[in-house]
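This report concerns only the one structure given below.
Protein chains: 2
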Amino acid sequence: MADQHIISVDRLMNRVQAIFEKSGLSPDNAHAVAHVIVAGERDHCKSHGIYRIEGCLRVLAAGKVSPDAVPQLQDSGKAVIEVDAGGGFSNPAFYAAKDALVARARETGLAALVIRDCLHFSALWHDVEALAEEGLASLSMCPSYSFVAPAGGKEPLLGTNPIAFGWPRPGPTPYVFDFATSVAARGEIELHRRAGTPIPEGWAVDRDGNPTTDPDAALDGAMLTFGAHKGSAISTMVELLAGAMLGEFMSKEALDFMGGGALLPRHGALILALDPQTFAKRSGRDPIAEGEKLLTAISGQGARLPSERRFTARAKALSEGIVLTAAEMAQLDRFEAKGLAALEG
Amino acid sequence: MADQHIISVDRLMNRVQAIFEKSGLSPDNAHAVAHVIVAGERDHCKSHGIYRIEGCLRVLAAGKVSPDAVPQLQDSGKAVIEVDAGGGFSNPAFYAAKDALVARARETGLAALVIRDCLHFSALWHDVEALAEEGLASLSMCPSYSFVAPAGGKEPLLGTNPIAFGWPRPGPTPYVFDFATSVAARGEIELHRRAGTPIPEGWAVDRDGNPTTDPDAALDGAMLTFGAHKGSAISTMVELLAGAMLGEFMSKEALDFMGGGALLPRHGALILALDPQTFAKRSGRDPIAEGEKLLTAISGQGARLPSERRFTARAKALSEGIVLTAAEMAQLDRFEAKGLAALEG
């Protein structure tokens, strides 16, 4: 189609990195942020792809993120490794600490990475996949902005609180899930509002706590978690482990701190990394081969594994390039030429 | 009411322990198993209370559990501690390893307990509460029997795979959730079958993978997870972490090994213990006080925290005793007099 432009993954990486350097990010930070955004676009995970560039530029323009933060690794030598993002994006902090986390998990069987004081916008699958490539299982979670009410409540206290899990597989792609603990994304409610269509039942309550399908009432009230009281419990766990336990913001404090949800949230993140070889050793079994028995049986009955769609899109993008629209290409041109000034146009 | 008998928690503990000793369990094992069963009854968690005695006796009578197993602690000195239950019940193994797990988590910030080769029947909240009493957050999970299909599938591959989380609170009761990742318990479908009533939509699929409300078709087909594909992903994670990763049975192998679901399953279990004081230290914040901000705000808006009903029942049982029916008392009498021979009557 005339509107379709093909760009290679490497070329898109260069362009997105150039945009962030033009916008004032240090080269290391620009590289890390561009890497995760291009990975999202490559996997046709559009909500975490180049769509995110503008949100990153807006928080830069607002002076709410440190463009040249240098992540500070704090390693106690024990099971908990910390990295202070210094008010920068979370991604450079993860990369700065990844090798230490991998080494510690292999050495002790189990290690945690605490990321402090970061701006967070990226999908968590990126981090758990990087750890699965190293042969590690991992669990990653963070708070966000408090737009979600706990089960049985009406006041938004919980974030959309994503949780991701990765498990190594013999092939090129691991077992990975990554989802919001809210039933839907806030942006989806906004899309219904603009379209004048009702939202599905079970997505939200109005400000009095009554179920609603009216997007305005929902945005004025609170979103709900997936899985009723069970999902609400998991979301609460994310607040406690990745917020309170770290001494970093929970979702409500993150929202109060930024004075609203227009800009990216600032908070911490928690990643647990487990070495299956250490855990399985005494059994004499190969944990990865054991896992395959389950995973191939799930696929074998025609059920889809999480992330399969992403992996299919990835393979296509790597061999054929990424398809962007003319409007997306034009936006890349504008951002690359003007940096932050493009926001004013 | 004439049918109600009141028994103190301590008296019930003595009686249940006597039942298990009479049935051939070593005193240590009898104590551990009785303790968790009485805790369930005390909390009016009837499905994990004295109702479980018969199931334990049946697996003993079948010679499928070691009555005098002595848990073997294997401590690498690193973040992963293991305890081999030696084909005995899981509870004595947990108690045998608890102090080492607590000490290690405090020392390193994060530690895991692997329980190998155990018979498992008890609620996981018992263990995470014991760790919360020590000031630790924890996450506990185990496989079970494969009666649950993954999202989009029809073959039962997953267990009801419970997952529990505990977080310390200043008062006498922690934040605790503990739930099956299946949408319902298999026993609930069985109750509908006996009553001749349909099961709710969303509980199960028939053997062809079609949604069903017919309990017979459901028992012949597969149960479903809570929370659609998200719950299915979490249940898969439990299989991988608490089964494959440990080199212990996943739910399908557990079912094959026992030759059906009539007796308690044999598999492993995984508990992660995290020390909030270690994780929060660098922030200068008190993680428990931070957690209270969220938890009191949830309660404050009238939403119920998980386990609240249990804690209310517990307080009542501790002050007023446990209420049992005449039939329940008669069964205790019979078990205490005859031990395993009571199963034949």
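Sequence order for the protein chains is A and B.
Take the first sequence: its position 84, counted from the start at 1, is 83 in this note's numbering, and no numbers get skipped.
Take the second sequence: its position 231, counted from the start at 1, is 230 in this note's numbering, and no numbers get skipped.
C-beta: ideal position from N, C-alpha, C; glycine also.
Secondary structure at GLU20 (chain A): helix, using DSSP grouped into helix, strand and coil. Following the DSSP letters along the chain, one finds PHE278 (chain A) inside the alpha helix (DSSP H) bounded by residues 275 to 279. By the criterion of a C-beta distance shorter than 7 Å, GLY230 (chain A) is surrounded in its chain by THR180, THR224, once the five residues flanking it on both sides are discounted. In terms of Cβ geometry, GLY85 (chain B) and PRO70 (chain B) form a close pair [threshold 8 Å]. Close to HIS119 (chain B), with beta-carbon spacing below 7 Å, lies no residue of chain A; the smallest spacing is near 17 Å. GLY283 (chain B) belongs to the set of residues whose beta carbon lies under 8 Å from a beta carbon in chain A.
Excluding residues up to 5 positions away in sequence, PRO155, LEU156, LEU157, GLY158, SER250, LYS251, LEU254 lie with their Cβ nearer than 7 Å to the Cβ of SER145 (chain A) in the same chain. Assignment of alpha helix (DSSP H) within the region 188 to 217 of chain B, counting only whole runs of 4 or more residues, yields no such run. In the structure shown, the three-state DSSP call for SER139 (chain B) is strand.
Here DSSP, grouped into helix, strand and coil, assigns HIS125 (chain B) to helix.
When DSSP states are grouped into helix, strand and coil, THR159 (chain A) belongs to the coil group. Inclusion of VAL15 (chain B) and ALA31 (chain B) in the CB contact set at 8 Å is not warranted, their separation being larger than that value. Three or more pairs of CB atoms, one per stretch, sit closer than 8 Å, so the region 240 to 248 of chain B contacts the region 286 to 301 of chain A.
A Cβ-Cβ separation of about 14 Å leaves SER22 (chain A) out of contact with LEU263 (chain A) under the 8 Å criterion. Within the model, the alpha-carbon separation for GLU40 (chain B) versus ILE52 (chain B) is close to 11 Å. Looking at the DSSP output, ASP83 (chain B) sits in a beta bridge with B:GLN71, B:ARG115. DSSP places ASP332 (chain B) in the helix class (H, G or I) of the three-state scheme. Looking at the backbone, the Cα of ALA216 (chain B) and that of ALA122 (chain B) are separated by about 28 Å. Counting only runs of 3+ residues, the beta strand (DSSP E) found wholly inside the region 301 to 331 of chain B occupies 321 to 324, in chain order.
DSSP links ILE5 (chain A) through a beta bridge to A:VAL322. Using a C-beta cut-off of 8 Å, the region 104 to 124 of chain B makes contact with the region 73 to 81 of chain A, since at least three inter-stretch Cβ pairs fall below that distance. For the region 103 to 114 of chain B, the beta-carbon criterion of a distance under 8 Å to any beta-carbon of chain A is satisfied by GLU106, THR107, GLY108, LEU109, ALA110, ALA111, VAL113.
The region 268 to 275 of chain A makes contact with the region 132 to 142 of chain A, as at least three CB pairs between them are under 8 Å. With respect to VAL147 (chain A), MET222 (chain A) sits close: the two C-beta atoms are nearer than 8 Å. In this structure, LEU11 (chain A) sits near VAL37 (chain A), with a CB-CB distance shorter than 8 Å.
Cα atoms of VAL127 (chain B) and ASP2 (chain A): separation of roughly 56 Å, rounded to the nearest angstrom. If you ignore the 5 residues before and after PHE120 (chain B), its C-beta comes within less than 7 Å of the C-beta of ARG51, GLY54, CYS55, LEU263, all in its own chain and listed in chain order. Listed along chain A, the residues sitting closer than 7 Å to LEU156 (chain B) by beta-carbon distance are LEU293, ALA296, ILE297. In the three-state scheme derived from DSSP, where H, G and I count as helix and E and B as strand, LEU269 (chain B) is classed as strand. Contact between LEU239 (chain A) and GLY290 (chain B) is confirmed by a C-beta separation of about 5 Å, below the 8 Å threshold. Residue pairing for TYR174 (chain B): DSSP places it in a beta bridge opposite B:TRP166.
Residues of chain A whose Cβ lies closer than 8 Å to the Cβ of LEU273 (chain B) are, in chain order, ALA111, LEU240, MET244. Against THR159 (chain A), chain B offers no close residue; the least beta-carbon distance is about 13 Å (beta-carbon pairs closer than 8 Å).
Per DSSP, the beta bridge partners of MET222 (chain B) are B:VAL147, B:ALA203. By the neighbour-count criterion, in which a residue is buried when 16 or more other Cβ atoms sit within 10 angstroms of its Cβ, ARG103 (chain B) is buried. Contacts between GLN73 (chain B) and chain A, judged by CB atoms closer than 7 Å, involve ARG281 in chain order.
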